[in-house]
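Step one of this worksheet: look at the structure below.
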Amino acid sequence: HTEPPASTADEQEGQGAKAAAAAKKRQFMDFIRYFSEWRHFKILLGTCMCWFLLDIAFYGINLNQNVVLQQIGFDGKTGTTAWEKLHRLAIGNLIITALGFVPGYYATVLTIEYLGRWKIQFFGFLMEALFLGIMAGRFYQLSKPAFIVNFALLQFFFNFGANTTTYIYPAEVFPTRFKAFAHGVSAASGKAGAIISALAFNSLSHKIGTPAVLWIFFGCSIGGALFTLLLPEVKMRDPDIVYEEEEREKRKLKRQSV
Numbered sequence: 010h011t012e013p014p015a016s017t018a019d020e021q022e023g024q025g026a027k028a029a030a031a032a033k034k035r036q037f038m039d040f041i042r043y044f045s046e047w048r049h050f051k052i053l054l055g056t057c058m059c060w061f062l063l064d065i066a067f068y069g070i071n072l073n074q075n076v077v078l079q080q081i082g083f084d085g086k087t088g089t090t091a092w093e094k095l096h097r098l099a100i101g102n103l104i105i106t107a108l109g110f111v112p113g114y115y116a117t118v119l120t121i122e123y124l125g126r127w128k129i130q131f132f133g134f135l136m137e138a139l140f141l142g143i144m145a146g147r148f149y150q151l152s153k154p155a156f157i158v159n160f161a162l163l164q165f166f167f168n169f170g171a172n173t174t175t176y177i178y179p180a181e182v183f184p185t186r187f188k189a190f191a192h193g194v195s196a197a198s199g200k201a202g203a204i205i206s207a208l209a210f211n212s213l214s215h216k217i218g219t220p221a222v223l224w225i226f227f228g229c230s231i232g233g234a235l236f237t238l239l240l241p242e243v244k245m246r247d248p249d250i251v252y253e254e255e256e257r258e259k260r261k262l263k264r265q266s267v
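Okay, so the sequence shown: first residue is 10 according to the working numbering, each after it adds one.
What follows is the structure, encoded as structure tokens:
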């Protein structure tokens, strides 16, 4: 057994690298070609914008829960010792998590195969908008129990809604060939919304007031519901089969036009 000459091995390695680069270029061009059609691009636009708008409202609320905890009296400012303050803060976070956050996830898990992704996302956005509107309009007038119930329901419909489905949609709606890139673009859009909200919430709250910021989140939720209209229902839908049928139809039309 003899090893190939070094020059031959180098040539083979170079050819392999060229082939890999050519394959990547073809895949990128296929991606551009696929999403240059409105019927495909509108789905990517829908997943990106829904995730972006959801994260503005979701992280704006959940990264600044001190505002909510202050309204319900569990912000940790009361108490004679550090332990008592920490205990009240922990109780406040448990109230928020146990009443709305966790039950919302379980509601989605138990019903998503029956209701479908589209209904959960669309009506989840609308319910978020409803409770954000109540909080924005009656922020200083709501009693402590009413505020807790309203905020718990808001958290419930975050998770029995778009906070779950915006992650699921990109994983199920795109063909395997384009799924990873499209999911990455959608997720990046969501994180951009989260960053904007995290950086802007406190400064905006001081400038225009917390109720006005909540109205912005209300608008984001309405916008999310509108962009959901661009998305198809993905329950029992195989994107690879849809893609194959579309390609078959294109080839048929091309043959007919020749």
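All C-beta atoms, glycine included, are put in the ideal place defined by N, C-alpha and C.
(1) Nearest CA to the CA of Gly113: which residue from Phe131, Ala161 and Ile100?
(2) Taking the beta carbon of Asp64 as the centre, do at least 16 other beta carbons fall within 10 Å, making it buried, or is it exposed?
(3) Quick check on the DSSP output: the alpha helix (DSSP H) that includes Met245 runs from which residue to which?
(4) Can you give, in chain order, each stretch of the alpha helix (DSSP H) that sits fully within the stretch 172-250 and has at least 4 residues?
(5) Assign Leu53 to one of two classes, buried (16 or more other C-beta atoms within 10 Å of its C-beta) or exposed (fewer than that).
(6) Answer yes or no: the CB of Leu223 versus the heavy atoms of the ligand PLP, is any distance below 7 Å?
(7) Name the two residues that bound the continuous alpha helix (DSSP H) containing Gln130.
(8) Please report the distance separating the alpha-carbon of Ile250 from that of Arg48.
(9) Sorted by chain position, which residues of the same chain lie with C-beta nearer than 8 Å to Ala116's C-beta, five sequence neighbours on each side aside?
(10) How many Å lie between Leu268 and Ala207 at the Cα?
(11) In its own chain, which residues sit with a C-beta less than 7 Å from the C-beta of Tyr68, not counting the 5 before and 5 after it?
(12) Return helix, strand or coil for Thr106, following the three-state DSSP convention.
(13) Compute the distance between the beta-carbons of Leu141 and Ala66, then report whether it is under 8 Å.
(14) Might you give, ordered along the chain, the residues of its own chain that have their beta carbon closer than 7 Å to the beta carbon of Tyr61, omitting 5 neighbours on each side?
(15) Pull up the distance between the alpha-carbon of Phe236 and that of Gly101, whole angstroms please.
(16) Considering only C-alpha positions, which residue in the set Phe110, Lys188, Ile157 and Ile104 is nearest to Phe44?
(17) When the Cα atoms are used, what is the spatial distance from Pro7 to Gly125?
(18) Taking only the alpha-carbon atoms, compute the straight-line gap between Glu256 and Leu262 and give it to the nearest angstrom.
(19) Tell me the residue span of the alpha helix (DSSP H) that contains Leu151.
(20) Give me, in chain order, the residues of the same chain whose beta-carbon lies closer than 6 Å to that of Ser214; leave out the 5 immediate sequence neighbours on both sides.
(21) Measuring straight from C-alpha to C-alpha, what distance separates Gly193 and Phe183?
(22) Whole angstroms are fine: how far does the CA of Gly232 sit from the CA of Glu253?
(23) Is the separation between the beta-carbon of Ile41 and that of Ile104 shorter than 8 Å?
(24) Reducing DSSP to helix, strand and coil, say where Phe67 ends up.
In short, the structure shows the following:
(1) Ala161
(2) buried
(3) Premise fails: Met245 is in no alpha helix (DSSP H) and is neither H nor E.
(4) 185-217 and 219-237
(5) By the neighbour-count rule (16 or more Cβ atoms within 10 Å), Leu53 is buried.
(6) The model on display carries no ligand, and the ligand PLP is accordingly not part of it.
(7) Arg126 to Gly146 is the extent of the alpha helix (DSSP H) around Gln130.
(8) 16 Å
(9) Phe165, Asn168 and Phe169
(10) Only positions 10 to 267 of the chain appear in this structure, which leaves residue 268 out of reach.
(11) Ala203, Ser206 and Ala207
(12) Helix, per DSSP.
(13) Their beta carbons are under 8 Å apart, which means Leu141 touches Ala66 by this criterion.
(14) The identity of residue 61 in the sequence shown is Phe, whereas the question assumes Tyr. Same-chain partners within the cutoff: Ser198, Gly199, Ala201 and Gly202.
(15) 34 Å
(16) Lys188
(17) Since the first residue shown for the chain is 10 and the last is 267, residue 7 is missing from the structure and cannot be characterised.
(18) 10 Å
(19) In the DSSP assignment, Leu151 falls outside any alpha helix (DSSP H), carrying neither H nor E.
(20) Around Ser214: Val222.
(21) Straight-line Cα distance between these residues: approximately 12 Å.
(22) Rounded to the nearest angstrom, the two C-alpha atoms are 32 Å apart.
(23) no
(24) helix
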